[in-house]
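Data first, discussion second: the structure below is written as structure tokens.
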Amino acid sequence: MKLQEAIKKRKSVRKFSSKKPDWRDIIEAIHTAQYAPMAGGLFHLKFVIVDNKQLIEEIAKWCEQSFISEAQYVVVVVSDPGIVTTPFPKMGEYFCPQQTGAAIQNFLLSLEESGLSTCWIGHMNEEKIGKTLKISEDYTIEALFPIGYSNEIFKKKKQDPDIYNILYFNKWEKYRMKKTEKIDSRAPEGY
Ligand SMILES: Cc1cc2nc3c(=O)[nH]c(=O)nc-3n(C[C@H](O)[C@H](O)[C@H](O)COP(=O)(O)O)c2cc1C
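Going letter by letter, the sequence shown gives residues 230 to 420 in our numbering.
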């Protein structure tokens, strides 16, 4: 699968089939996350793969999202912010969420390439999930990902997002791209 295709095809899935994914595809996706850019090259994340049905059900309960319990695997992304905030005392707290997002996007695209589906879960009771999985209180649970094969029927095609309201050239508001201009042209008309 081409990168552009994976980026544009990826969709959150909240219905999974009972077919169990190959765990190696999940390990590969986690490994791909390690290639993301990190401030100072410092990787601050850890990953917990959960395949125990009872634990998955508990996770679903503490996220108040029952569809999670249908997943064959849940991957919990945990961060150790100190790895970044110690060497970068001023900027570390800004770097952490940025590099977490970069790593997670790599992870999501790798799952997409393997034909697997997931949904980014941010709504959770972090304390209860931490206790359920015995994650040390020194770590932050960033997000979790129920993983499986999609059983979702999407009625609508994914909308192509409009770039015209988010893009400026050189100066804020100065040169706005017009709808008549093509994305593949290098600069806006009159620029
Ligand atoms: C930080 C973050 C937290 C999210 N938390 C949840 C969540 O708790 N439950 C859920 O169903 N979707 C959650 N989502 C998924 C978004 O709803 C979804 O990505 C968005 O609607 C766009 O749809 P798409 O992923 O299909 O492009 C979250 C996404 C992000 C980035």
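The beta-carbon is built from N, C-alpha and C at its ideal position, and this holds for glycine as well.
In this text the structure is predicted, and so the values were computed from the model without any measurement.
Asked                                                                                                                                                                     : Found
Would you say the beta carbon of TRP291 is closer than 8 Å to some non-hydrogen atom of ligand 1?                                                                         : no
Excluding the five sequence neighbours on either side, which residues of its own chain have a C-beta within less than 7 Å of the C-beta of PHE272, listed in chain order? : GLN263
Starting from LEU271, trace the beta strand (DSSP E) both ways and give me its first and last residue.                                                                    : LEU271 -> no beta strand (DSSP E), and no H or E assigned at all.
Under 8 Å from any heavy atom of ligand 1, does the C-beta of HIS273 make it?                                                                                             : no
Please report how far the alpha carbon of GLU355 lies from the alpha carbon of ILE370, in whole angstroms.                                                                : 6 Å
Contact between the stretch 326-342 and the stretch 253-270 is defined here as three or more beta-carbon pairs at a separation below 8 Å; is this criterion met?          : yes
Tell whether a beta-carbon distance below 9 Å holds between VAL305 and VAL277.                                                                                            : yes
Looking only at its chain, what residues have a beta carbon closer than 6 Å to the beta carbon of ASP309, apart from the 5 residues adjacent to it on each side?          : HIS273, TYR368
Can you check which of these residues, SER246, ALA268, LEU284, is closest to GLY330 by C-alpha distance?                                                                  : ALA268
Taking the CB atoms as reference points, tell me whether CYS348 and PRO375 lie closer together than 9 Å.                                                                  : yes
Are the CB atoms of ILE256 and MET353 nearer to each other than 9 Å?                                                                                                      : no
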